[in-house]
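Reading through the structure tokens given below for one structure.
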Amino acid sequence: MARIRRERPVLLAAILSALAALAAGMNKWVVLGLLLIMIVTALFNEAPVIKDAPAEPLEIAPEAPPRRLPEVSATLSGLDIPVMVLSDDASVLFQNRAAEKAFGEVVLGAHISARLRSPGVLDMVRETIATNAPNQIEHAERLPSERVYIVRSAPVEFAAEGARERYFILSFRDISEVRRIDRMRSDFVANASHELRTPLASLRGFIETIQGPAKNDLKAQARFLAIMFDQATRMSRLVDDLLSLSRLELKSHIAPDEKVDLVPLLGHVRDSLVPLAADVGVDINLHLPEGKVEVLGDRDELVQVFENLMENACKYGQEGKIVDVWLKNGTGNPVEVSIVDKGPGIPAEHVPRLTERFYRVSIEDSRSKKGTGLGLAIVKHILTRHRARLIVKSEVDKGTDFTVRF
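If you want the working numbering, it's the 1-based position in the sequence shown plus 1.
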């Protein structure tokens, strides 16, 4: 049946030819015999097999040369400076461990602006991609601590067997120490010359007086020598504070990783200040929770912070007669230490500037209480290193609250 369906046009043509032959008067037996021969031939004769021409062999394209990104990444991962590899569209293809530590982990494939939002750095990267020429700028990061980098972008190209790959290396050279030392040197000269001028002038004047008019006046000499001792002691405190501040600035970017229990630490600070508090007629009251309250920090530096804050509360808030020290450690909340006095308070316009070097709300009051004007600047630098904050709240005639939040 399949053959009949396939040969139907041939069979139909044979039948029509036979009918035409009969109509023309041919012998019916001859016509029938020819018809049978045509039918048998159509139904039982195999169609010739047409062999396909041999297929021409396919050309196998040579494999693309391996990408060089793994090689570049493996080389840069061993560097101790932050390095990123960027693509032609400024997407981050790789960052080494130093870059992760300095700037945090960047999602690979994300645009560089997702992490570095500095217009100067982004403009430099765009210019390097457009011109294929190296560039560099100076860039400062403010958080978590102030860092200064020389940022350099440079193209890296590979060409082999007609294939071309191009990457852009973004490197960061840390020059924070150099800038900090330069600033420290200039600040020391400016601050020391300004603050030491008065006591040095006083010492010189008293020495000249003792050598001249008071040469034989023992009572005047005794009085002048006492004043000279106070001035020399003030200069010594000032130099010590300046050196302490300089040391803190040098390591402000290194966060401490030692656990410190604040409960015994605050007790130790309070006990060391009891004689001073008794002299000015102030009681220091501790309000501590049960158990340990631990933070990551440097014990000696935290002692310096709370000694400074409690001593200031006793000296400048002595009219209130009480200094309360609260240690709070609520579940899910940051650890806080608050030093609260009931003194005269600080006018609002002075509060934002309290941590500036040598800034004093009252110069005469500060000097009479033997302050150097550097205490709160030292506190600020220590807390910056500890990734902590100093929060100051004050109302005139109601008192002041210094809170350290970890």
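Ideal Cβ placement from N, Cα and C applies to all residues, glycine included.
Just so you know, these numbers come straight off a predicted model, no measurement behind them.
Return the CA-CA distance between residue i and residue j, expressed in angstroms with no decimal places.
i: E302; j: L80; result: 33 angstroms
i: P83; j: F104; result: 9 angstroms
i: R361; j: E101; result: 41 angstroms
i: V126; j: N136; result: 8 angstroms
i: A24; j: L12; result: 19 angstroms
i: P67; j: I255; result: A caution first: P67 carries a pLDDT of 45, below 50, which makes its placement in the model unreliable, though a value can still be read off. The straight-line gap from Cα to Cα measures roughly 41 angstroms.
i: I182; j: L384; result: 20 angstroms
i: V73; j: F95; result: 9 angstroms
i: A65; j: A160; result: Note on A65: pLDDT 44, under 50, position unreliable in the model; no value is reported.
i: I211; j: R224; result: 10 angstroms
i: A141; j: R174; result: 11 angstroms
i: N97; j: H351; result: 45 angstroms
i: S154; j: S253; result: 28 angstroms
i: L310; j: A227; result: 29 angstroms
i: R300; j: M236; result: 27 angstroms
i: R1; j: A164; result: In this structure the chain extends from 2 to 407, so residue 1 is not present and cannot be described.
i: T356; j: E147; result: 16 angstroms
i: V296; j: N313; result: 23 angstroms
i: H387; j: G268; result: 21 angstroms
i: F169; j: R186; result: 37 angstroms
i: G409; j: L17; result: Missing from the structure shown is residue 409; the chain here goes from 2 to 407 and no further.
i: D241; j: A111; result: 49 angstroms
i: S203; j: M229; result: 7 angstroms
i: K394; j: R354; result: 13 angstroms
i: L70; j: L109; result: 13 angstroms
i: A75; j: A115; result: 24 angstroms
i: V190; j: T332; result: 47 angstroms
i: N286; j: F359; result: 29 angstroms
i: V50; j: T42; result: Summary for V50: the model assigns pLDDT 46, below 50, so the residue's position carries little reliability, and this model does not support an answer.
i: A99; j: D124; result: 23 angstroms
i: K216; j: S177; result: 54 angstroms
i: K322; j: T234; result: 28 angstroms
i: R118; j: E259; result: 33 angstroms
i: R194; j: E308; result: Here residue 194 turns out to be Ser, not Arg, going by the sequence shown. For S194 and E308, the distance between alpha carbons rounds to 27 angstroms.
i: S363; j: K220; result: 32 angstroms
What do you reckon, are the CB atoms on residue i and residue j nearer than 7 angstroms?
i: I392; j: T404; result: yes
i: C315; j: V281; result: yes
i: V336; j: D325; result: no
i: V294; j: L274; result: no
i: A378; j: F407; result: no
i: P200; j: Q232; result: yes
i: G346; j: K399; result: yes
i: A19; j: L36; result: yes
i: I113; j: A91; result: yes
i: H382; j: L251; result: no
i: G213; j: P257; result: no
i: V304; j: V283; result: no
i: V380; j: V306; result: yes
i: V86; j: V107; result: no
i: G292; j: E320; result: no
List the DSSP bridge partners of residue i.
i: W327; result: H288, S339
i: P156; result: F169
i: K394; result: D402
i: I151; result: E139, R174
i: K260; result: L297
i: M39; result: Beta-bridge pairing links M39 to no other residue.
i: Q305; result: Partner(s): none; Q305 has no beta bridge.
i: S74; result: S74 pairs with nothing; no bridge assigned.
i: S92; result: H112
i: M27; result: Per DSSP, none; premise fails for M27.
i: V84; result: S172
Pull up the CB-CB distance for residue i and residue j, whole angstroms please, since I reckon it's below 8 angstroms.
i: L266; j: L197; result: L266 to L197, Cβ: 34 angstroms. No contact.
i: R180; j: V152; result: The pair is not a contact, with the Cβ atoms about 14 angstroms apart (cut-off 8 angstroms).
i: L375; j: L243; result: 7 angstroms
i: N330; j: P290; result: 6 angstroms
i: P156; j: R167; result: 6 angstroms
i: H409; j: L246; result: Look at the range of the chain in this structure, 2 to 407, and you will see that residue 409 is not part of it.
Kindly indicate which residue of the options has the alpha-carbon position closest to the one of residue i.
i: D89; options: E128, I285, P120; result: E128
i: M39; options: W30, A202, A14; result: A14
i: G121; options: E139, G110, A111, A134; result: E139
i: P348; options: R354, V397, L17; result: V397
i: S172; options: D218, F207, V31, S78; result: S78
i: N133; options: R116, E158, L123; result: E158
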